[in-house]
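There are 2 protein chains.
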Amino acid sequence: MKRITIYDVAKEADVSLATVSRVINDSNVVREDTRIRVQEAIEKLGYKPNAIAQGLALSKTTTISIVMSEKLFAYNAKILNGLMDVAKIYNYNIMLHTTSKGISKMQDVIESIIKSRVDGVILFNDNFSEEELEVLHLYQIPMVVVGSKIEDKKVGNVGNVYVDFEKLAYELVNEYFEKGITDISLVEDKLNLSMMSQLRHGVERAFKEKGMEFKKYVSYDETYRSSYDFLSEYFKTHKPSELVITFRDSQAIAFLNACNEAHYQIPQDTQVISILDDKYLRMMRPTISSFNFPDYDMGAIAMRLLTKMLVNDDEVKDNKDIEIGYTFIQRQTTQPE
Amino acid sequence: MKRITIYDVAKEADVSLATVSRVINDSNVVREDTRIRVQEAIEKLGYKPNAIAQGLALSKTTTISIVMSEKLFAYNAKILNGLMDVAKIYNYNIMLHTTSKGISKMQDVIESIIKSRVDGVILFNDNFSEEELEVLHLYQIPMVVVGSKIEDKKVGNVGNVYVDFEKLAYELVNEYFEKGITDISLVEDKLNLSMMSQLRHGVERAFKEKGMEFKKYVSYDETYRSSYDFLSEYFKTHKPSELVITFRDSQAIAFLNACNEAHYQIPQDTQVISILDDKYLRMMRPTISSFNFPDYDMGAIAMRLLTKMLVNDDEVKDNKDIEIGYTFIQRQTTQPE
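Residue numbers (the working numbering), protein chains in the order written: chain A, 1 to 337; chain B, 1001 to 1337.
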């Protein structure tokens, strides 16, 4: 049976929510005939205004912590939406923990998670160390790590919903090798160290297998503005690689603008790919090629996995590693097949 | 005195956090000499591993709910960062509630807030109705509304940290009137209805004072792609207004691209301003003029106000309305003074 809420009472009595609340809270600004109508509706429907608080005192609410770096809010919005929607469907409360330079260190967050006795944790695999994961694990808190693959999973009770960035980079570079292109740069991104390290390993593996050494792991800078300034200066004396791979939109856009002002033609003189997709890539001219990941689904799958682990961990024991696929999106910054 | 944490123990014993955890949890994978060293450190520092849970059972943790629309995550990232940092400094837990079409309606969120018995609420003023605010108020939950001004504040115990969008639009339009420009369009944004309505009122007021009627409140569409398609088609038979005001980056970019392809020169033939600033506006060519709001500060101020209201509401009784300033950022899509 559906639980009767204050909304049902308001509908039945044909009054506003505020009026029902006023009656419940014995406010004296309600007209007598309205008060009677609301009380009749309460009785008819069997609504118990205090049942909520009483029920809560007895039954435990399930709470899940989401931990992410503040810097990544804007980029992980869709993953967060997937997480939140599934949490909502299963009636879980979400506690948000963020890490930010100088204010909240990872160890404070771990302590706060342990203290608040949450039932499960969703981690974004950006700046957690293996050791920190292990501490949470030792406190018996079920966890799902979302984003990239956990490199060396020593700990047991951890789910992982990930994109295999190592494989993605390996396959991408090999495709360009087949087209005769070996002058390839990979641009560092300082926000996602674990993902960058996996991309780099994939590129290095591809080079090594062809008997070459990968030398063009380049570092621009953290911001668009400094990347752009760097590149504008760089292009006065150097020419761009045949293929430039960036992790994120802003560095691809900086590259695009700097090329344009240095009169390099894209994709004739140089091609550029942003690994992460984003609506802004479509808004640029030329539009920027990228990879599509089902971000929202990643979040939804991660939260669903955690809810299963919380209910019956044995059931999902052998299915805690879920790889998410990706597809290349051909736009104007790369040569079509 | 500083509370002794597991981190102090690890440092004292010169072992990892995981090792300390293992000793506390009686794991038998720890070497005997290490175990003794950790126990000595625990005794020396007076660390009580169970004190956390015991302490919590007695003292109440303060929890604040943040409520926002899922669609606005990416846009409100900086406000959220400000909120989170201040909450962290004051040791408050954050419960995240989101609303999203079809999955979690506002009334569910309100119910869930009331049920989880949080101490205070931060609301983003995008899709809350006055009536919903009133329900929360009747449950005696202190609130701060962040973003835009609450139009008609019937309820008492509510703080408001806002930008006066009505005034902003009024002043902006009057400046263009002084330059002799009266062909002005305001582009609707469906994500922020309350902010849009305030902008519209400001523009209408400016027109009315000059004895004119404002007729160009235009609706493109929700997404960049459909806005762009609409404009590309529109420009085949119409020319752009002298000044186009959009709320958000994506609609300004759609306008830019469509103008470019229809061979309208910016800012000679038409000028464009995006009210909200964003890093992508700087990345476009031409770069797009906008307004700067201290987003992070707005979040920080809102959370600080709420923490004050929670401790001693009387102290801030007459200072619950905090207006945040703004400055115009002249870029390439508008004519300089």
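Glycine residues also receive a C-beta, built at the ideal position from the N, C-alpha and C atoms.
Asked	Found
Residue environment, L56(A), which counts as buried when at least 16 other CB atoms sit within 10 Å	Here the model assigns L56(A) a pLDDT of 39, short of 50, so the residue's position is not dependable and the matter cannot be decided.
Helix, strand or coil at G299(A) [DSSP, three-state]	helix
Boundaries of the beta strand (DSSP E) in which A1328(B) is found, first to last residue	At residue 1328(B) the sequence reads Phe, which differs from the Ala that was named. That run of the beta strand (DSSP E) goes T1327 to I1329.
D277(A) versus E175(A): straight-line alpha-carbon distance, rounded	20 Å
Residue range of the alpha helix (DSSP H) that includes N174(A)	F165 to E178
Cβ-based burial, P336(A) [other Cβ within 10 Å; buried from 16]	exposed
Cβ distance (whole Å) where V158(A) is taken to contact V146(A) below 8 Å	Not really, about 11 Å apart at Cβ, beyond 8 Å.
Three-state secondary structure (DSSP) of D1014(B)	coil
CB contact below 9 Å: M303(A) versus chain B	no
Identity of the residues DSSP links to Y1217(B) by a beta bridge	L1186(B)
Minimum Cβ-Cβ distance from H97(A) to chain B less than 9 Å	yes
Own chain residues within Cβ distance below 6 Å of Y92(A), not counting five before or after	T62 and I64
9 Å Cβ cutoff, L1191(B) in contact with chain A	no
Length of the line joining the Cα atoms of T270(A) and F247(A)	17 Å
Range covered by the alpha helix (DSSP H) that runs through T1246(B)	Taken as a continuous stretch (DSSP letters only), T1246(B) belongs to no alpha helix (DSSP H), being part of the beta strand (DSSP E) at L1243 to T1246.
Bridge partners - D321(A), DSSP secondary structure assignment	N160(A)
Distance CB(Q1330(B))-CB(P1286(B)) smaller than 9 Å	no
Identity of the residue in I322(A), A302(A) and D314(A) nearest G82(A) by Cα	A302(A)
F207(A) - containing alpha helix (DSSP H), residue span	L193 to E209
Close beta carbons around I1245(B), own chain, < 6 Å, minus the five adjacent residues each side	L1186 and I1273
Chain B residues whose Cβ lies nearer than 7 Å to that of L80(A)	F1073
F1293(B) in three-state terms, based on DSSP	coil
Given K115(A) as reference, the closest of K215(A), L123(A), H97(A) and R200(A) once Cα atoms are compared	H97(A)
Cβ of R1225(B) within 9 Å of any chain A Cβ	yes
DSSP state of I1150(B) mapped onto helix, strand, coil	coil
Nonlocal neighbours in the same chain, by C-beta distance under 6 Å from Y280(A), ignoring five residues either side	D249
Under 9 Å from the C-beta of K11(A): neighbouring residues of chain B	Those within 9 Å of K11(A) in chain B number zero; the least Cβ separation is about 11 Å.
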